[in-house]
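Here the structure comes first, spelled out in structure tokens, and everything after it is commentary.
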Amino acid sequence: MNNKYTAIITANRRDVTKMNPKILLLNILDNRNNLVRDHMWVDETYFKSIAPKNNKVTHTVVFTANKKDYLKSFTFCDIENIKVIKRYRVKKSN
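Counting in the working numbering, the sequence shown runs from 5 upward without gaps.
As structure tokens, then:
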């Protein structure tokens, strides 16, 4: 069963040898606004077309996904219905 989530997506990526590139999701909330994970690396292919191109912008996205057990926590699979609901310009710190 797919559940609805909200998260912040940044331009942060990582390439893991012999694995798919990953993109960072932050402050992942469930449909009741409960924090389910503070961060998670997910397969970049799901978010590549909407991901920020640089670290001057972040996006808040909503999506549906299934939880998949991973080590002592979980990750997402079957990510679908991705929509950008807000775009932010990151403020420079002094």
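In this text, a Cβ means the ideal position worked out from N, Cα and C, and glycines have one as well.
Same chain only: Cβ atoms within 8 Å of residue i, ignoring 5 sequence neighbours per side
| i | result |
| --- | --- |
| Lys52 | Ile27 |
For residue i, the nearest candidate out of the options (CA to CA)
| i | options | result |
| --- | --- | --- |
| Lys96 | His43, Lys60 and Ile54 | Lys60 |
| Arg36 | Phe80, Val66, Arg91 and Thr79 | Val66 |
| Glu48 | Asn7, Met23, Lys90 and Asn38 | Met23 |
| Ile13 | Ile32, Asp19, Pro25 and Asn6 | Ile32 |
| Lys76 | Asn7, Arg41, Asn16 and Arg18 | Arg41 |
| Val88 | His63, Tyr9 and Asn16 | His63 |
| Asn2 | Arg18, Ala11 and Glu84 | Nothing in the structure corresponds to residue 2, since the chain is present only between 5 and 98. |
| Glu84 | Tyr74, Val46 and Lys90 | Val46 |
Neighbour-count burial assignment, residue i, 16 or more Cβ in a 10 Å radius
| i | result |
| --- | --- |
| Leu29 | buried |
| Val94 | exposed |
| His43 | exposed |
| Tyr92 | exposed |
| Tyr9 | buried |
Same chain, Cβ closer than 7 Å to residue i, five either side skipped, listed in chain order
| i | result |
| --- | --- |
| Ile86 | Tyr50, Phe51, Ile54, Val65 and Phe67 |
| Asp82 | Asn6, Ala69 and Asn70 |
Sequence-distant residues of its chain with Cβ nearer than 6 Å to residue i (five each side left out)
| i | result |
| --- | --- |
| Thr79 | Lys72 |
| Ala15 | Pro56, Asn58 and Asn59 |
| Arg18 | Lys26 |
Sequence ranges, beta strand (DSSP E) only - wholly within the region 11-63, length at least 3: 26-34 and 39-47
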